[in-house]
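K.L.:
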Amino acid sequence: MKQYDVVIVGGGIHGAGVLQAAAAAGHSALLIERVGLASGTSSRSSKLIHGGLRYLESGQFALVRESLRERAIHLRIAADLVELKPFFIPVYQDTRRRPWQLKVGLWMYALLGGFDASTRFGAVPRHEWSTLDGLDTQGLDAVIRYHDAQTDDAMLTRAVVQSALSLGAELAMPASFSAATLTDDGVRLSYVSGAQAIECIARVLVNAAGPWAPQVAGKVRPPIAIPDVDLVQGTHIVLPFAVTAGIYYVESPTDGRAVFVMPWHGAALIGTTETPYHGAPDQVHPLPEEEEYLLAVARHYFPAFRHLTREHIIQRFAGLRVLPAASQGAFDRSRETIFSTDREPKPRVLGIYGGKLTGWRAAAAHVLQRISASLPALQPRAATDQLILRRPA
Ligand SMILES: Cc1cc2nc3c(=O)[nH]c(=O)nc-3n(C[C@H](O)[C@H](O)[C@H](O)COP(=O)(O)OP(=O)(O)OC[C@H]3O[C@@H](n4cnc5c(N)ncnc54)[C@H](O)[C@@H]3O)c2cc1C
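Written out as structure tokens, the structure is:
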């Protein structure tokens, strides 16, 4: 039976990151993915590598600081895959946040980002408004410009796995984790690949199954604690309208929530929604009312979108956020990653719940540190903030 230091379930960005971090630290590591790399949430995000400007309002400063640091690292190690883009916040007479409030927020954002060149912001001069993809200028008071980054989430995930494989890590795909039994010093686990049931041994099992993480944790015997989480659906639509100047960060005319209108393969990607979800993660799909909500945003800000209806949508997708269970609305809940272990100080199972695409590398580093007491001390092969990520073929 094969033995690994770390076996990871789930080939989304978190599983990819832990695979790379484990291999870079010199460990033997296997990633088990059921469908395909980034087939879950990691291909259905808003595709932003960002600090999360709006998290300043809910006081999540540590998260914003870490995310801005990760953004800077991405721009250095993944220049092929992550691009700094202008973001525009239009402020109309009836917009909730006034220009001065935005400028205070952006000043804090720049402070947390270390005031480097990418944190510069300011107002777009009125004579340049005509370059903003036909943005409605009726009642427009100001347009604030700052910068954040955009990526292709699925491609980034594949690039991280490729990096891990080049360091000697292994991938089983398609392969479905089926069960694990805790032993004194690790885990004995099984997965199904094709018609074959395969067993192996791991010092640590990392559960990076995203919205499926509670199901995966439920297959561990004896049972382990599972954090109390909710699933919240987020839908995006793609409309046949070229947005080229940058990314628009607007308030929904329906409820004031922040929505992005982004360039995406020559069209416009619009998202997202926050709809509580109680079904099986495999069944998630965009709802008609979510599509109408996003169309209303597009029509409100861009007169050229006004004739567009649901029939014009060229692509639609929904993903599931994993958020700490709470009675408050999803928008205001913490976006911090929850790390849950079966025991301390020598965990045999570590689960990753929630988190951000942007924070995958920091999350993976944290996982390696949390499980280090369960792993042999080895000579590292590389540091993940130095490994260049290349666009996969
Ligand atoms: C609508 C939306 C927008 C977002 N936008 C952003 C954004 O712009 N920027 C940002 O930083 N973050 C964003 N996020 C957050 C980010 O997308 C997620 O935190 C991240 O993609 C989660 O990745 P993951 O690896 O944890 O899970 P997933 O990507 O869901 O991966 C889990 C994997 O586990 C596999 N799996 C499940 N069960 C098994 C099994 N039994 N055996 C083997 N494999 C299994 C699945 O097939 C899947 O591939 C967004 C999230 C949502 C929902």
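Each residue of the sequence shown is one higher than the one before, counting from 1075 in our numbering.
By construction, the Cβ of each residue, glycine as well, lies at the ideal position given by its N, Cα and C atoms.
The model shown is predicted, which means the values in this text are computed figures rather than measured ones.
#1: Rounded to whole angstroms, what's the CA-CA distance from threonine 1432 to leucine 1149? Just pull it up for me.
#2: Write down the C-beta distance between leucine 1105 and isoleucine 1082 rounded to the nearest angstrom, noting that I regard them as a contact closer than 8 Å.
#3: Ignore the nearest five residues each way along the sequence and tell me which others in alanine 1447's own chain have a CB closer than 6 Å to its CB.
#4: Quick check on glycine 1196: buried or exposed, where buried means 16 or more other Cβ atoms within 10 Å of its Cβ?
#5: What I want to know is whether the C-beta of serine 1116 ends up closer than 7 Å to one or more non-hydrogen atoms of ligand 1.
#6: Let's see if you can read the secondary structure: which residues bound the alpha helix (DSSP H) around glycine 1179?
#7: Below 7 Å, is the gap between the Cβ of arginine 1139 and the nearest heavy atom of ligand 1?
#8: Look at the Cβ atom of glycine 1394, then the Cβ atom of proline 1355, and state whether they are nearer than 8 Å.
#9: Within its chain, find whatever has a CB closer than 7 Å to the CB of alanine 1378; leave out the 5 residues flanking it on each side and keep chain order.
#10: Identify every residue that forms a DSSP beta bridge with alanine 1216.
#11: Going by C-alpha distance, which of Ser1192, Val1080, Ala1372 and Pro1248 is nearest alanine 1112?
#12: Please work out which residues of its chain come closer than 7 Å, Cβ to Cβ, to valine 1294, disregarding the five sequence neighbours upstream and downstream, and give them in chain order.
#13: Does serine 1408 come out as helix, strand or coil in the three-state DSSP assignment?
#14: Look at the alpha carbon of glutamate 1426 and the alpha carbon of threonine 1115, and state the distance between them as a whole number of angstroms.
#15: Have a look at the DSSP bridge pairing and note the partners of aspartate 1222.
#16: Please state the DSSP three-state secondary structure of isoleucine 1087.
#17: Hey, is the segment 1337 to 1353 in contact with the segment 1177 to 1191, meaning 3+ C-beta pairs nearer than 8 Å?
#18: Is it the case that the CB of phenylalanine 1161 approaches a heavy atom of ligand 1 more closely than 7 Å?
#19: Output yes or no for whether 8 Å exceeds the beta carbon distance between alanine 1438 and threonine 1415.
#20: Would you say the beta carbon of glutamate 1107 is closer than 7 Å to some non-hydrogen atom of ligand 1?
#21: Less than 7 Å between the CB of serine 1113 and some heavy atom of ligand 2, yes or no?
#22: Hey, out of Leu1397, Ile1311 and Glu1325, whose CA is closest to glutamate 1364's CA?
#23: Cβ of leucine 1431 within 7 Å of any heavy atom in ligand 1?
#24: For ligand 1, I want to know if arginine 1390 counts as a neighbour, meaning its beta carbon is within less than 7 Å of at least one of the ligand's heavy atoms.
#25: Would DSSP call phenylalanine 1334 helix, strand or coil?
P.N.:
Working from what's here:
#1: In this structure, the straight-line span from the alpha carbon of threonine 1432 to that of leucine 1149 is close to 11 Å.
#2: About 5 Å; that satisfies the 8 Å criterion.
#3: Taking C-beta separations shorter than 6 Å and ignoring five residues to either side along the sequence, the partners of alanine 1447 in its chain run Pro1419 and Lys1420, following chain order.
#4: Looking at its Cβ environment, which holds fewer than 16 other Cβ atoms inside 10 Å, glycine 1196 is exposed.
#5: yes
#6: 1173 to 1186
#7: no
#8: Before going further, note that residue 1394 is leucine rather than glycine in the sequence given. Result yes, Cβ atoms of leucine 1394 and proline 1355 sit closer than 8 Å.
#9: Gly1208 and Phe1315
#10: Residue pairing by DSSP puts alanine 1216 in a beta bridge opposite Val1165.
#11: Comparing alpha carbon positions, the residue from Ser1192, Val1080, Ala1372 and Pro1248 closest to alanine 1112 is Pro1248.
#12: Cβ within range, chain order: Ala1254, Leu1256 and Val1423.
#13: coil
#14: The sequence shown places isoleucine at residue 1426, not glutamate. Isoleucine 1426 and threonine 1115: Cα-Cα distance of roughly 14 Å.
#15: Lys1159
#16: In this structure, isoleucine 1087 counts as helix in the three-state DSSP scheme.
#17: no
#18: Short note on phenylalanine 1161: C-beta not closer than 7 Å to any heavy atom of ligand 1.
#19: No. Outside cutoff.
#20: yes
#21: Absence of ligand 2 from the depicted structure is noted, with ligand 1 being the only ligands included.
#22: Ile1311
#23: yes
#24: no
#25: strand
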